[in-house]
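Novice:
Residue numbers (this note's numbering): 2 to 407.
1. Pull up the CB-CB distance for residue 203 and residue 76, whole angstroms please, since I reckon it's below 8 Å.
2. Hey, residue 113 and residue 130 are a contact pair by Cβ (cut 8 Å); roughly how many whole angstroms apart?
3. Only counting the same chain, and skipping five residues up and downstream in sequence, which positions put a Cβ closer than 6 Å to that of residue 140?
4. Assuming residue 161 and residue 95 form a contact by the criterion Cβ under 8 Å, report the distance between their Cβ atoms to the nearest whole angstrom.
5. Starting from the C-beta of residue 265, find all residues in its chain whose C-beta is less than 6 Å away, skip the five residues before and the five after it, and write them out in chain order.
6. Would you tell me roughly how many angstroms separate the C-alpha atoms of residue 285 and residue 319, rounded to the nearest one?
7. How many angstroms separate the CA atom of residue 71 from the CA atom of residue 321?
8. According to DSSP, what are the bridge partners of residue 391?
9. So who's on the other strand from residue 261, going by DSSP bridges?
10. Among residues of its own chain, excluding the 5 on either side of residue 244, which ones have a beta-carbon nearer than 8 Å to its beta-carbon?
11. Would you call residue 387 buried or exposed, if buried means 16 or more other Cβ atoms sit within 10 Å of its Cβ?
12. Would you report the Cα separation of residue 171 and residue 82, rounded to the nearest angstrom?
13. Counting only the same chain and skipping the five closest in sequence on each side, list residues whose C-beta sits under 7 Å from that of residue 280.
14. Please report how far the alpha carbon of residue 292 lies from the alpha carbon of residue 272, in whole angstroms.
15. Would residue 232 and residue 221 qualify as a contact pair, given that the criterion is a beta-carbon distance under 8 Å?
16. Could you check what DSSP says for residue 38 in three-state terms: helix, strand or coil?
17. Roughly how many whole angstroms lie between the Cα atoms of residue 289 and residue 176?
18. Helix, strand or coil for residue 302 per DSSP?
19. By the three-class DSSP mapping on this structure, what secondary structure does residue 280 have?
20. What would DSSP say about residue 81, mapped onto helix, strand or coil?
21. Helix, strand or coil for residue 96? Go by DSSP, reduced to three states.
22. Excluding the 5 residues flanking residue 270 on each side, which residues of the same chain have their C-beta closer than 7 Å to its C-beta?
23. With burial defined as no fewer than 16 other Cβ atoms inside 10 Å of the residue's Cβ, what is the status of residue 313: buried or exposed?
24. Assuming residue 80 contacts residue 149 under a Cβ cut-off of 8 Å, what Cβ separation, rounded to an integer in Å, is found between them?
25. Does the beta-carbon of residue 152 have 16 or more other beta-carbons within 10 angstroms, so that it is buried, or is it exposed?
26. Under a Cβ-count criterion, where at least 16 other Cβ atoms within 10 Å of its own Cβ denotes burial, should residue 420 be classed as buried or exposed?
27. Can the beta-carbon of residue 136 be found less than 8 Å from the beta-carbon of residue 155?
28. Is residue 213 helix, strand or coil when you go by DSSP?
Quick look at the structure:
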């Protein structure tokens, strides 16, 4: 018997959320073993820009925010994605749809407040969580396939018991680098290896995770302000080590083209700034948030350098590990938003209040609120969809920066 519908909340997205495990997969194959048959299911499709949506007021990052494209065309046989809500294209929603006893492929309304699904059905998935993304449009990594000449990303649905296909996108909203749950990075790698080993050397593997770990680190410091050493240090080091371990496993199974993202500056996130104001030591909390983000990114850079320097994976060809500066890409997007007259600081939509409300009440920033109850929110005027996540317009700008590496 499936769990009660209210347990769909465990698949929801913000940093403090957790999601259930589900059935464990079989052990991954050893290096060199044959992959299972691939699914022939066509991609479900990425969200298209809509009026007032991701083609609105947030401009792409200015020149210089990312390396220029190479002169030679970049050929890739496939694109695989590991990560959290910044790159989830439907896995968390699929898990919630399963618990709601709804169609899971493609994922539909699982991220909506259950009252919007079960009590008085009304628009949600095409209004807030665009096609089950944790934003109002395509996420940044969805701008890569067209750039690489590949088909659209599909959610792996590995967090759903008894899934019937393999796919390409393993990221799950609320996933952590250092966690051991089915949604977390180590299990994402397990499923990728199980589905596709030996991993093709000419595919691209994107690892975009760590933000939830960094938020955990900040929360630990805030909870124990007098602790020495700061509890955040161990959390950051553990998370970075987990990213490194994932990179090494991908290399062990044949991957050679990797893109590893750092984490954005926590101090610019609307949710973090709101908590800092409420906590009474705004300056101290924001300084800690910035320091934790910097420590994470610094340690990650050093570890990736060390992995490359070891030379263990240089045959038959040395790996290429691209460092994607997500921190700078988001910063540039916020600057571009302000220059375009948009809001680069505040959240458009209070997703946390929406999910917690028994009646699924919706709360917006005054400049983002739709003209009618079921009208389109004005997301394109904002860089932040909610307190943590970029809008579809901001994701598009970040996607430009990401694509410029190829």
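Here a beta-carbon is modelled for each residue, glycine too, at the ideal position from N, C-alpha and C. Every value quoted in this text rests on a predicted model; they were computed, and no experiment measured them.
Specialist: Taking the coordinates as given:
1. As a working mapping, residue 203 is identified with position 202 in the chain shown. As a working mapping, residue 76 is identified with position 75 in the chain shown. At roughly 7 Å, the Cβ-Cβ gap stays under 8 Å, so residue 203 and residue 76 are in contact.
2. Along the chain shown, read from residue 1 onward, the residue named residue 113 stands at position 112. Along the chain shown, read from residue 1 onward, the residue named residue 130 stands at position 129. About 7 Å separates the two Cβ atoms, so the contact holds.
3. As a first step, residue 140 must be located in the chain shown, where it is residue number 139. 88, 134 and 396.
4. Counting from one through the chain shown, the residue named residue 161 turns up at place 160. Counting from one through the chain shown, the residue named residue 95 turns up at place 94. Indeed, because the Cβ distance is near 5 Å, the residues count as touching under 8 Å.
5. Counted from its first residue, the chain shown places residue 265 at position 264. Excluding residues within five positions, the ones whose Cβ falls inside 6 Å are 327, 328 and 331.
6. As a first step, residue 285 must be located in the chain shown, where it is residue number 284. As a first step, residue 319 must be located in the chain shown, where it is residue number 318. Each residue's Cα considered, the two are about 44 Å apart.
7. On the chain shown, position 70 is the one that residue 71 refers to. On the chain shown, position 320 is the one that residue 321 refers to. Caution applies to residue 71, whose pLDDT of 45 falls short of 50 and renders its modelled position unreliable; the value that the coordinates give is listed next. Between residue 71 and residue 321, the C-alpha separation is close to 14 Å.
8. The count along the chain shown starts at 1 and reaches residue 391 at position 390. As computed with DSSP, residue 391 is found in a beta bridge with 385.
9. Numbered from its first residue, the chain shown carries residue 261 at position 260. DSSP, once it has assigned bridges, lists 208 and 324 as partnering residue 261.
10. Residue 244 sits at position 243 when you count from the first residue of the chain shown. For residue 244, where only same-chain residues beyond five positions count, the Cβ hits under 8 Å are 178, 186, 208, 210, 211, 261, 301 and 304.
11. Along the chain shown, read from residue 1 onward, the residue named residue 387 stands at position 386. With 16 or more other Cβ atoms within 10 Å, it is buried.
12. Position 170 of the chain shown, counting from 1, holds the residue named residue 171. Position 81 of the chain shown, counting from 1, holds the residue named residue 82. About 6 Å.
13. The residue you call residue 280 lines up with position 279 of the chain shown. Excluding residues within five positions, the ones whose Cβ falls inside 7 Å are 223 and 286.
14. Locating residue 292 in the chain shown gives position 291, counting from the first residue. Locating residue 272 in the chain shown gives position 271, counting from the first residue. When rounded, the distance between both Cα atoms is 17 Å.
15. Residue mapping note: residue 232 aligns to position 231 of the chain shown, counting from 1. Residue mapping note: residue 221 aligns to position 220 of the chain shown, counting from 1. Cβ atoms of residue 232 and residue 221: closer than 8 Å.
16. Counted from its first residue, the chain shown places residue 38 at position 37. Bear in mind that a pLDDT of 32 at residue 38, under 50, signals an unreliable position, so the number given afterwards is only what the model happens to contain. Coil, per DSSP.
17. Translated into the one-based positions of the chain shown, residue 289 becomes position 288. Translated into the one-based positions of the chain shown, residue 176 becomes position 175. CA-to-CA, the gap between residue 289 and residue 176 works out to about 22 Å.
18. For the purposes of this step, residue 302 is identified with residue 301 of the chain shown, where counting begins at 1. Of the three classes helix, strand and coil, the one that applies to residue 302 here is helix, per DSSP.
19. The sequence position of residue 280 within the chain shown is 279, counting from 1. Residue 280: helix per DSSP, three-state reduction.
20. The sequence position of residue 81 within the chain shown is 80, counting from 1. In this structure, residue 81 counts as strand in the three-state DSSP scheme.
21. The residue given as residue 96 occupies position 95 in the chain shown. Helix at residue 96.
22. The residue you call residue 270 lines up with position 269 of the chain shown. 388 and 389, listed in sequence order.
23. Taking the first residue of the chain shown as position 1, residue 313 is located at position 312. Burial call: exposed.
24. Along the chain shown, read from residue 1 onward, the residue named residue 80 stands at position 79. Along the chain shown, read from residue 1 onward, the residue named residue 149 stands at position 148. About 6 Å separates the two Cβ atoms, so the contact holds.
25. The residue labelled residue 152 in the question sits at position 151 within the chain shown. When all chains shown are included, residue 152 counts as exposed.
26. Shown here, the chain extends from 2 to 407; a query on residue 420 therefore has no answer.
27. On the chain shown, position 135 is the one that residue 136 refers to. On the chain shown, position 154 is the one that residue 155 refers to. In this structure, residue 155 does not lie closer than 8 Å to residue 136 by Cβ.
28. Taking the chain shown and counting its residues from 1, the one referred to as residue 213 is at position 212. Helix, per DSSP.
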